[in-house]
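J.:
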Amino acid sequence: MEFTINQIAAMLNGEVLGDGTIKINTLKKIQEGVPGSLSFLSNPKYESFAYSTKASGLIVNKDFKPSKKIKTTLIKVEDPYLSFTVLLEEYHRLVSFQKTGVEEPSYLGENTKIGNNIYRGAFSYIGNEATIGSNVKIYPNSYIGDGVSIGDNTIIHAGVKVYPGCKIGSQCVLHSGVVIGSDGFGFAPQKDGSYKPIPQLGKVMISDFVHIGANTTIDCATMEGDFTIIGEGVKLDNLIQIAHNVKIGAHTVIAAQTGIAGSTSLGKYCILGGQVGIAGHLEIGDNVGIGAQSGLGKNVEAGTKLFGSPAFDLREYLSSYAVFKKLPDLNNRLKQLEEKILNLPTV
Amino acid sequence: MEFTINQIAAMLNGEVLGDGTIKINTLKKIQEGVPGSLSFLSNPKYESFAYSTKASGLIVNKDFKPSKKIKTTLIKVEDPYLSFTVLLEEYHRLVSFQKTGVEEPSYLGENTKIGNNIYRGAFSYIGNEATIGSNVKIYPNSYIGDGVSIGDNTIIHAGVKVYPGCKIGSQCVLHSGVVIGSDGFGFAPQKDGSYKPIPQLGKVMISDFVHIGANTTIDCATMEGDFTIIGEGVKLDNLIQIAHNVKIGAHTVIAAQTGIAGSTSLGKYCILGGQVGIAGHLEIGDNVGIGAQSGLGKNVEAGTKLFGSPAFDLREYLSSYAVFKKLPDLNNRLKQLEEKILNLPTV
Amino acid sequence: MEFTINQIAAMLNGEVLGDGTIKINTLKKIQEGVPGSLSFLSNPKYESFAYSTKASGLIVNKDFKPSKKIKTTLIKVEDPYLSFTVLLEEYHRLVSFQKTGVEEPSYLGENTKIGNNIYRGAFSYIGNEATIGSNVKIYPNSYIGDGVSIGDNTIIHAGVKVYPGCKIGSQCVLHSGVVIGSDGFGFAPQKDGSYKPIPQLGKVMISDFVHIGANTTIDCATMEGDFTIIGEGVKLDNLIQIAHNVKIGAHTVIAAQTGIAGSTSLGKYCILGGQVGIAGHLEIGDNVGIGAQSGLGKNVEAGTKLFGSPAFDLREYLSSYAVFKKLPDLNNRLKQLEEKILNLPTV
Numbered sequence: 007m008e009f010t011i012n013q014i015a016a017m018l019n020g021e022v023l024g025d026g027t028i029k030i031n032t033l034k035k036i037q038e039g040v041p042g043s044l045s046f047l048s049n050p051k052y053e054s055f056a057y058s059t060k061a062s063g064l065i066v067n068k069d070f071k072p073s074k075k076i077k078t079t080l081i082k083v084e085d086p087y088l089s090f091t092v093l094l095e096e097y098h099r100l101v102s103f104q105k106t107g108v109e110e111p112s113y114l115g116e117n118t119k120i121g122n123n124i125y126r127g128a129f130s131y132i133g134n135e136a137t138i139g140s141n142v143k144i145y146p147n148s149y150i151g152d153g154v155s156i157g158d159n160t161i162i163h164a165g166v167k168v169y170p171g172c173k174i175g176s177q178c179v180l181h182s183g184v185v186i187g188s189d190g191f192g193f194a195p196q197k198d199g200s201y202k203p204i205p206q207l208g209k210v211m212i213s214d215f216v217h218i219g220a221n222t223t224i225d226c227a228t229m230e231g232d233f234t235i236i237g238e239g240v241k242l243d244n245l246i247q248i249a250h251n252v253k254i255g256a257h258t259v260i261a262a263q264t265g266i267a268g269s270t271s272l273g274k275y276c277i278l279g280g281q282v283g284i285a286g287h288l289e290i291g292d293n294v295g296i297g298a299q300s301g302l303g304k305n306v307e308a309g310t311k312l313f314g315s316p317a318f319d320l321r322e323y324l325s326s327y328a329v330f331k332k333l334p335d336l337n338n339r340l341k342q343l344e345e346k347i348l349n350l351p352t353v
Numbered sequence: 007m008e009f010t011i012n013q014i015a016a017m018l019n020g021e022v023l024g025d026g027t028i029k030i031n032t033l034k035k036i037q038e039g040v041p042g043s044l045s046f047l048s049n050p051k052y053e054s055f056a057y058s059t060k061a062s063g064l065i066v067n068k069d070f071k072p073s074k075k076i077k078t079t080l081i082k083v084e085d086p087y088l089s090f091t092v093l094l095e096e097y098h099r100l101v102s103f104q105k106t107g108v109e110e111p112s113y114l115g116e117n118t119k120i121g122n123n124i125y126r127g128a129f130s131y132i133g134n135e136a137t138i139g140s141n142v143k144i145y146p147n148s149y150i151g152d153g154v155s156i157g158d159n160t161i162i163h164a165g166v167k168v169y170p171g172c173k174i175g176s177q178c179v180l181h182s183g184v185v186i187g188s189d190g191f192g193f194a195p196q197k198d199g200s201y202k203p204i205p206q207l208g209k210v211m212i213s214d215f216v217h218i219g220a221n222t223t224i225d226c227a228t229m230e231g232d233f234t235i236i237g238e239g240v241k242l243d244n245l246i247q248i249a250h251n252v253k254i255g256a257h258t259v260i261a262a263q264t265g266i267a268g269s270t271s272l273g274k275y276c277i278l279g280g281q282v283g284i285a286g287h288l289e290i291g292d293n294v295g296i297g298a299q300s301g302l303g304k305n306v307e308a309g310t311k312l313f314g315s316p317a318f319d320l321r322e323y324l325s326s327y328a329v330f331k332k333l334p335d336l337n338n339r340l341k342q343l344e345e346k347i348l349n350l351p352t353v
Numbered sequence: 007m008e009f010t011i012n013q014i015a016a017m018l019n020g021e022v023l024g025d026g027t028i029k030i031n032t033l034k035k036i037q038e039g040v041p042g043s044l045s046f047l048s049n050p051k052y053e054s055f056a057y058s059t060k061a062s063g064l065i066v067n068k069d070f071k072p073s074k075k076i077k078t079t080l081i082k083v084e085d086p087y088l089s090f091t092v093l094l095e096e097y098h099r100l101v102s103f104q105k106t107g108v109e110e111p112s113y114l115g116e117n118t119k120i121g122n123n124i125y126r127g128a129f130s131y132i133g134n135e136a137t138i139g140s141n142v143k144i145y146p147n148s149y150i151g152d153g154v155s156i157g158d159n160t161i162i163h164a165g166v167k168v169y170p171g172c173k174i175g176s177q178c179v180l181h182s183g184v185v186i187g188s189d190g191f192g193f194a195p196q197k198d199g200s201y202k203p204i205p206q207l208g209k210v211m212i213s214d215f216v217h218i219g220a221n222t223t224i225d226c227a228t229m230e231g232d233f234t235i236i237g238e239g240v241k242l243d244n245l246i247q248i249a250h251n252v253k254i255g256a257h258t259v260i261a262a263q264t265g266i267a268g269s270t271s272l273g274k275y276c277i278l279g280g281q282v283g284i285a286g287h288l289e290i291g292d293n294v295g296i297g298a299q300s301g302l303g304k305n306v307e308a309g310t311k312l313f314g315s316p317a318f319d320l321r322e323y324l325s326s327y328a329v330f331k332k333l334p335d336l337n338n339r340l341k342q343l344e345e346k347i348l349n350l351p352t353v
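Chains as they are written, first to last, in the numbering used here: chain W, 7 to 353; chain E, 7 to 353; chain U, 7 to 353.
Right, dumping it as structure tokens:
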């Protein structure tokens, strides 16, 4: 697979400066460019590499004006990073081994509806009454329970488990070890101090364009007819816990190992750091940002930035923490004052 | 499936107020009641819904006295929440597809003892010398190693892995991705700075009525003949880590993503929040409560409530944290005092 | 399997004091010794057990001088703990059921290279073009993607998933539920607030002698030709998250539930506690120690000990935290001073 810089520029609606007939066969970071590779310059702090890179081609901003002589052929575009991403994606599509067909043994239940051009890996299990869209890839050792529906073009990686009745949208990616629809953690305390499980009869609904990282778990809703809901375009990293009846708004992004307790509702376009913990039954607004390892115990208004455990305003937290670091000094200063005051003449 | 309110009241030993011949076909939350549904009122703060709900029936406390006119038929019981749970459970039993029989291909080792009425899903693996009780459900893609024993009525969801020799009680539920019996994290430091693995020869013992959430991991004990022990009725949420030789007392409840390090012993009836971390070789008493995200490094007496990382008394922590939030102000007040003192006439 | 104390002492280069002809058939902790068992005494605080243990043999330090009469036969060695570990390992090798051969059904792709004496469990999957060394054990329900290579003597436990193209060294142990090579968490924000996935084209490289705990996840690198790298002898506990392009130096040890964000590089011989969070794009030096639940947001020099979230110097953190516990008192003392000052005669 080789393309000339001119061909690539045409794909990107870019302008070529230099020799556009040079052939490109791989994509590299600017500091790791080699002859035949194409790189991009987006962050100005990497500009020095533009003059030293061995890459044959470099995607730059249309406003980029080299301050030194440059050997590499340039492609000027609106947004170099975005353009590079487009190329990566195209490249990914071309080089990825596009699995298709059915490997045996695999298990297919009764009364299923299966779309065109799907892949069913060996030891994959699809239960009864399931509905699988077109171009869906179901990798080996994965489990799709009875009555599950999966939209078009969704990828189910090896070892994913989807409990009966859950709904997965189209264009989703579920990574290995993901569990969808396990029981919510609901137990009724008994008089003798033991607990009785509360039947978890609801399901999980995953909207379109959702990505779910490896070994993340999403519990089902408690009541029949209810859903734990993951909104459109939501991106969940690895090892995240989403409890029963949680609702996550569209295009919210959550980093690894974060946990959200039961019945909490998260807005759209939120960004949560890693290892965040959110208590149950909360309402978190849109565009909320929460720093890594924070712990939330209260409702949060839209647009707020929070940090700490328990979390409060990010700037205020950092101010408090700056003083926390000097607490021994603060304590000493207070002691000195106390001694001074003690030695003052009494009124 | 339909029951009259009179029939349901009889099941619950409840008293009917209103039309008991109305038929019920589903269970709903009070705020989501529809004609034909039954709801419950337990928390007084939801009382207003009792007057507006469209539910046909409402389970209430025997002492409940409506302050306004009420259209819904009431069932008066001792404990509305508990009664509702009983109904949910019965409903669950009726509507759940009760899998039974053997799906092929599945793997059954030699010299196994298998009870009556069990389900073995496709691609499930049962090793040699294993003992499986009656009514056990082993879902697809799960792995039961050699010599494992599982008690009656236990459910092993899809993709659970139980290492050889571990013991699982009866009436347990293990959710997808659970790992029982992986090696404890034990390594002997060598003179050159590297580590040599210490063979992990013990097993895991799970008592009866234990629920284990998705992707939770429980390591085996270190020494031959020893067990990591999960007590009767213990409820573990998702993504929890239980290290080698840990012992958890009966009816203790642990929320998601908590981790307990090696050889720590936890009492009975404890409640641990999510993302708690407990160091190794500790003794935690009965009825201990630990707030979410807390970190424990010391032994804890029975009945204590702790919070923070490192954790101490819950109330004291909250008092300290209240001042922490005002530390910049505290610092300023101290500076002002220092300046004032400096300006005082010297003695 | 029985050995005389003399035979065992010979294996350990130890000196026998007492009856060396006694036969040993099991290994026990000193406080749980039984006739026929061998124990060890390493930690002086357990010395009292040396006089009461029922173990037939006891491994002690060569300098050990009993302060009371002792009935048990002693084996004096340089390092009792290390010697005991050597025995445990030997014992483990002898008693472990050494699986070998192929259980059916299992899946083997095309053009694979498979070494001698390997075990392929039922429902294990090996993709095309994979290379598997000798003595490798691949347990049931595990998935080895296309083009994966695995070195000699490595154990892949049940339900491990290795994405295509990843490289696993020799003498490694991967526990159940481990995921190697899932997509890095990389998404390009779009103008409308949604995110576009950045194709993740790199792989993961696991060096020799690496142990990876149950349900730990390691993401692939972003760029083609790049690797997320786990150095030689690294020990990872359960439920750890290693993001794309992370590099972990040799013989670093990481406790459970810790997460390391993208492109961070960790030195050699580091020790990380459980539930630690490390931000992306950081450089952490060699021999760094990080306390449990700490959060790192900055580069760290070699040899540093850190604690807290955000983390700083361990001793300083503990000093600050000691004052934090007394903050309400501090606040009161400050108030009292303010009142006193207010009551002073003005200058």
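Glycine included, every Cβ here is placed at the ideal spot set by N, Cα and C.
#1: Does the CB of E344 (chain W) have a neighbour CB from chain U at under 8 Å?
#2: Under the three-state reduction of DSSP, which class applies to I204 (chain U): helix, strand or coil?
#3: Return yes when the Cβ of S155 (chain E) is within less than 8 Å of the Cβ of T137 (chain E), no when it is not.
#4: For a contact defined as C-beta to C-beta under 7 Å, what are the partners of E230 (chain U) on chain W?
#5: Quick check: what's the CA-CA separation for K74 (chain U) versus Q263 (chain W)?
#6: Run down chain E in chain order and give the residues with a C-beta less than 8 Å from the C-beta of L350 (chain U).
#7: State the Cα-Cα distance for the pair N305 (chain E) and G279 (chain E), rounded to the nearest angstrom.
#8: Measuring only between beta-carbons, confirm whether I204 (chain E) sits less than 8 Å from chain A.
#9: With a CB to CB cut of under 6 Å and the five nearest residues on each side skipped, what residues in its chain are close to G26 (chain E)?
#10: So what does DSSP say about I14 (chain E), is it helix, strand or coil?
#11: Taking the straight line between their C-alpha atoms, what separation do you get for F129 (chain U) and N221 (chain U)?
#12: With three or more C-beta pairs closer than 8 Å as the rule, is the stretch 282-299 of chain E touching the stretch 309-323 of chain E?
#13: Can you grab the Cα-Cα spacing for the pair G151 (chain U) / G157 (chain U), in whole Å?
#14: Is it buried or exposed, L88 (chain W), if we count other Cβ atoms within 10 angstroms and call 16 or more buried?
#15: Relative to chain U, which residues along the stretch 173-198 of chain E have a C-beta separation below 7 Å, given in chain order?
#16: Expressed to the nearest angstrom, what Euclidean distance is found between the alpha-carbon atoms of E116 (chain W) and G165 (chain W)?
#17: Please state if the CB of L23 (chain W) and the CB of L114 (chain W) are separated by a distance shorter than 8 Å.
#18: Just reading off the alpha helix (DSSP H) that L320 (chain U) is part of, what are its end residues?
#19: Which residue from U:K60, U:A61 and U:Y52 puts its Cα closest to that of F70 (chain U)?
#20: Between S326 (chain E) and chain U, is any beta-carbon pair separated by less than 8 Å?
#21: Span of the beta strand (DSSP E) holding P195 (chain U)?
#22: Kindly indicate which three-state DSSP category A56 (chain W) falls into: helix, strand or coil?
#23: Where do the N-terminal and C-terminal ends of the beta strand (DSSP E) with L429 (chain U) fall, by residue?
#24: Would you report the Cα separation of L340 (chain U) and V329 (chain U), rounded to the nearest angstrom?
#25: Find the nearest neighbour of D243 (chain E) within the set W:G153, W:P170, W:Y125 and W:D189, judged by alpha-carbon distance.
#26: Do I153 (chain U) and P170 (chain U) have their C-beta atoms within less than 8 Å of each other?
#27: What does the Cβ neighbour count give for A308 (chain E), buried or exposed, with the cut at 16 atoms within 10 Å?
#28: Have a look at the DSSP bridge pairing and note the partners of G121 (chain U).
#29: With a floor of 3 residues, list each beta strand (DSSP E) that falls wholly inside the stretch 219-256 of chain W, ordered by position along the chain.
#30: Applying a beta-carbon distance threshold of less than 7 Å, which residues of chain U neighbour T91 (chain W)?
#31: So the alpha helix (DSSP H) E345 (chain U) belongs to, where does it begin and stop?
#32: So with CB distances below 8 Å, who are the chain U contacts of P72 (chain W)?
#33: Put Y97 (chain E) into one of helix, strand or coil per three-state DSSP.
T.: So, from the data block:
#1: yes
#2: coil
#3: yes
#4: T32 and L33
#5: 53 Å
#6: L350
#7: 18 Å
#8: No chain A appears in the structure shown, which is made up of the protein chains W, E and U.
#9: I11 and N12
#10: helix
#11: 19 Å
#12: yes
#13: 15 Å
#14: buried
#15: G183, V185, S188, D189, F191, F193 and A194
#16: 22 Å
#17: no
#18: L320 to F330
#19: U:Y52
#20: yes
#21: F193 to P195
#22: helix
#23: An answer regarding residue 429 (chain U) cannot be provided, because it is not within the stretch 7 to 353 covered by chain U.
#24: 14 Å
#25: W:D189
#26: According to the sequence displayed, residue 153 (chain U) carries Gly and not Ile. Yes, they are a contact pair.
#27: exposed
#28: DSSP lists no partner for G121 (chain U).
#29: 223-225 and 233-236
#30: A194, K202 and I204
#31: L333 to N349
#32: Near P72 (chain W) there are no residues of chain U at all, since even the closest Cβ is about 24 Å away, more than 8 Å.
#33: helix
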